[in-house]
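Residue numbers (the working numbering), protein chains in the order written: chain A, 55 to 213; chain B, 55 to 213. Heads up, the beta-carbon is just placed ideally off N, CA and C, and yes, glycines get one too. Quick caveat, the model's predicted, so the values are computed rather than measured. Okay, structure first, notes after.
2 protein chains.
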Amino acid sequence: MRILGIDPGTGILGFGVVDVEKSGKVKLVTAGVVKSPAHTPLDDRLLDIYDSLREVMEETKPDEVVIEKLFFAKNVTTAISVAHARGVAMLVAKQAGVKIAEYTPLQIKQTMTGYGRAEKKQVQEMVRVHLGLSEVPKPDDAADALAAAITHVMMGKLR
Amino acid sequence: MRILGIDPGTGILGFGVVDVEKSGKVKLVTAGVVKSPAHTPLDDRLLDIYDSLREVMEETKPDEVVIEKLFFAKNVTTAISVAHARGVAMLVAKQAGVKIAEYTPLQIKQTMTGYGRAEKKQVQEMVRVHLGLSEVPKPDDAADALAAAITHVMMGKLR
Chain A
55 MRILGIDPGT
65 GILGFGVVDV
75 EKSGKVKLVT
85 AGVVKSPAHT
95 PLDDRLLDIY
105 DSLREVMEET
115 KPDEVVIEKL
125 FFAKNVTTAI
135 SVAHARGVAM
145 LVAKQAGVKI
155 AEYTPLQIKQ
165 TMTGYGRAEK
175 KQVQEMVRVH
185 LGLSEVPKPD
195 DAADALAAAI
205 THVMMGKLR
Chain B
55 MRILGIDPGT
65 GILGFGVVDV
75 EKSGKVKLVT
85 AGVVKSPAHT
95 PLDDRLLDIY
105 DSLREVMEET
115 KPDEVVIEKL
125 FFAKNVTTAI
135 SVAHARGVAM
145 LVAKQAGVKI
155 AEYTPLQIKQ
165 TMTGYGRAEK
175 KQVQEMVRVH
185 LGLSEVPKPD
195 DAADALAAAI
205 THVMMGKLR
């Protein structure tokens, strides 16, 4: 079972792919980001996200895709911008006919650390532990995407 | 010169195509909506919007696309939902290599009626007048999309 996690964003979008072994062990397949320079027009960014995610999907062939849900009480402008990218990411998964799961940042923090108000660093440290790595995957957005994927694995086990 | 206007939305997305003649006269080519039943999952809606807009683009071959900008101070949840659809609409235009213009609801009202706080009905009535129609195009979302397209024509004239 292979899972692709996505941490949506327009300037930088994180992705992370993990394999779940029969033993329940989770292994890192690949992780990275789709990044564009500051002031890149939104339409260029969306096309880049679309093409890059299609490539990731074709190369890794995940069974399920997990996309972090948006939760912005503070900055509506940022939320709207990220939602453009999130719509494109969701489209790519749907076009591939892959099942899509969604978790809020709170659910991811809660599942990864047992504490909904955990710091980003604590979540990323748990990503490192779950994947048996010596260092936290970089950049942060890739680690966040892996956290979303691992959350889905852990939620699945609980069911 | 042919212009496709889009009024983005997830439950219902309006589109309207107009031709600008050399005289400056604007003529209706086609208008309609992409609509999905209540409670349709967002990924299904996005795929429907993508496929439907691709079809509209292929059939009408617009020279430019105009997409209404989002402005929601009140309802962040709605804004985030609409932005998913807007991202997909922008992607379709970009994939076709067509120039994209954006106007806020305020700009559209101002340009169509001369008054930024005009009622929706007044804007739609001006759509009817500009296109020389006997009735306002239906549904509202199609008329709003046409208003975006006509705004672009009028802004172009002003330049």
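#1: Met144 (chain A) CB to nearest chain B CB: under 9 Å?
#2: Tell me the rounded alpha-carbon separation between Ala196 (chain A) and Val72 (chain A).
#3: Of all Cβ atoms in chain B, is any one closer than 9 Å to the Cβ of Arg140 (chain A)?
#4: What is the residue span of the beta strand (DSSP E) that Asp73 (chain B) lies within?
#5: Kindly indicate which residue of B:Ala172, B:Met208, B:Tyr169 has the alpha-carbon position closest to the one of Leu185 (chain B).
#6: State the DSSP-derived secondary structure class of Arg56 (chain A), mapped to helix, strand or coil.
#7: Taking the DSSP output, what are the residues bridged to Asp195 (chain A)?
#8: Can you find a C-beta in chain B that's less than 9 Å from the C-beta of Asp50 (chain A)?
#9: Residues of the stretch 93-126 of chain A in Cβ contact with chain B at a cutoff of 8 Å, in chain order, please.
#10: Could you round the C-beta distance between Pro193 (chain B) and Arg140 (chain B) to whole angstroms and report it? I think they count as a contact, below 8 Å.
#11: So is Lys148 (chain B) buried or exposed if we call it buried at 16+ other beta carbons inside 10 Å?
#12: Going along the chain, which residues of its own chain have a beta-carbon closer than 6 Å to the beta-carbon of Ala150 (chain A), five neighbours each way excluded?
#13: Listed in chain order, which residues of the stretch 175-190 of chain A have Cβ atoms closer than 9 Å to some Cβ of chain B?
#14: Rounded to whole angstroms, what is the Cα-Cα separation between Lys175 (chain B) and Thr205 (chain B)?
#15: For Gly26 (chain A), tell me which candidate among A:Ile103, A:Ser188, A:Pro95 has the shortest Cα-Cα distance.
#16: Of the residues B:Ser135, B:Leu107, B:Ile134, which one's Cα is nearest the Cα of Gly59 (chain B)?
#17: Consider the Cβ of Val130 (chain A): report whether some Cβ of chain B lies at a distance smaller than 9 Å.
#18: Check whether the Cβ atoms of Val215 (chain A) and Thr114 (chain A) sit closer than 9 Å, and answer yes or no.
#19: Pull up the CB-CB distance for Val190 (chain B) and Glu179 (chain B), whole angstroms please, since I reckon it's below 8 Å.
#20: Would you say Ala137 (chain A) and Ile66 (chain B) are within 9 Å of each other, going by their C-beta atoms?
#21: Out of curiosity, what's the CA-to-CA distance linking Asp97 (chain B) and Leu145 (chain A)?
#22: Along chain B, which residues have their Cβ under 8 Å away from the Cβ of Lys148 (chain A)?
#23: Based on the DSSP output, what are the partners of Tyr157 (chain A) in its beta bridges?
#24: Measure the alpha-carbon distance for Asp109 (chain B) versus Val181 (chain A) and round it to whole angstroms.
#25: My output table needs one value for Arg213 (chain A): the three-state DSSP class, helix, strand or coil.
#26: Does the CB of Ile154 (chain A) have a neighbour CB from chain B at under 9 Å?
#27: If distances are taken between C-alpha atoms only, which option among B:Gly168, B:Val183, B:Pro159 comes closest to Ala199 (chain B)?
#28: 9 Å is my cut-off, CB to CB: does Ser135 (chain B) come that close to chain A?
#29: Per DSSP, what are the beta-bridge partners of Gly86 (chain A) in this structure?
#30: Thinking C-alpha only, which one of B:Leu187, B:Ser188, B:Gln164 is nearest Val177 (chain B)?
#31: Could you check where the alpha helix (DSSP H) with Val142 (chain A) kicks off and where it finishes?
#32: Roughly how many angstroms lie between the CA atoms of Tyr215 (chain B) and Ile162 (chain B), to the nearest whole one?
#33: Compute the distance between the beta-carbons of Ile57 (chain B) and Val119 (chain B), then report whether it is under 9 Å.
The answer reads as follows:
#1: yes
#2: Straight across, the Cα-Cα distance linking Ala196 (chain A) with Val72 (chain A) is about 12 Å.
#3: Interface with chain B (9 Å Cβ-Cβ cutoff): Arg140 (chain A) is included.
#4: Element bounds for Asp73 (chain B): 66-74.
#5: B:Met208
#6: strand
#7: According to DSSP, Asp195 (chain A) bridges with nothing at all.
#8: Any question about residue 50 (chain A) goes unanswered here, given that chain A covers just 55 to 213.
#9: Leu96, Asp97, Asp98, Leu100, Leu101, Tyr104, Leu124, Phe126
#10: Between Arg140 (chain B) and Pro193 (chain B) the Cβ distance is about 19 Å, and since that is not below 8 Å, they are no contact.
#11: In the assembly as shown, Lys148 (chain B) is a buried residue. Its beta-carbon has 16 or more other beta-carbons within 10 Å.
#12: Met111
#13: Flagged: no residues at all.
#14: 16 Å
#15: Nothing can be reported for residue 26 (chain A): it is not among the residues displayed for chain A, which extend from 55 to 213.
#16: B:Leu107
#17: yes
#18: Shown here, chain A extends from 55 to 213; a query on residue 215 (chain A) therefore has no answer.
#19: Yes, Val190 (chain B) and Glu179 (chain B) are in contact; Cβ-Cβ is about 6 Å, under 8 Å.
#20: no
#21: 6 Å
#22: Asp97, Asp98, Leu100, Leu101
#23: A:Glu122
#24: For the sequence presented, residue 109 (chain B) should be read as Glu rather than Asp. Going from the Cα of Glu109 (chain B) to the Cα of Val181 (chain A) covers about 43 Å.
#25: For Arg213 (chain A), the predicted structure reports a pLDDT of 49, less than 50, and the residue's modelled location is therefore unreliable. A value from the coordinates is still provided. DSSP places Arg213 (chain A) outside both helix and strand once states are collapsed to three, so it counts as coil.
#26: yes
#27: Selected option, being the one with the closest Cα: B:Pro159.
#28: yes
#29: A:Phe69
#30: Measuring from the Cα of Val177 (chain B), the nearest candidate turns out to be B:Gln164.
#31: 130-149
#32: The first residue shown for chain B is 55 and the last is 213, placing residue 215 (chain B) beyond what the model contains.
#33: yes
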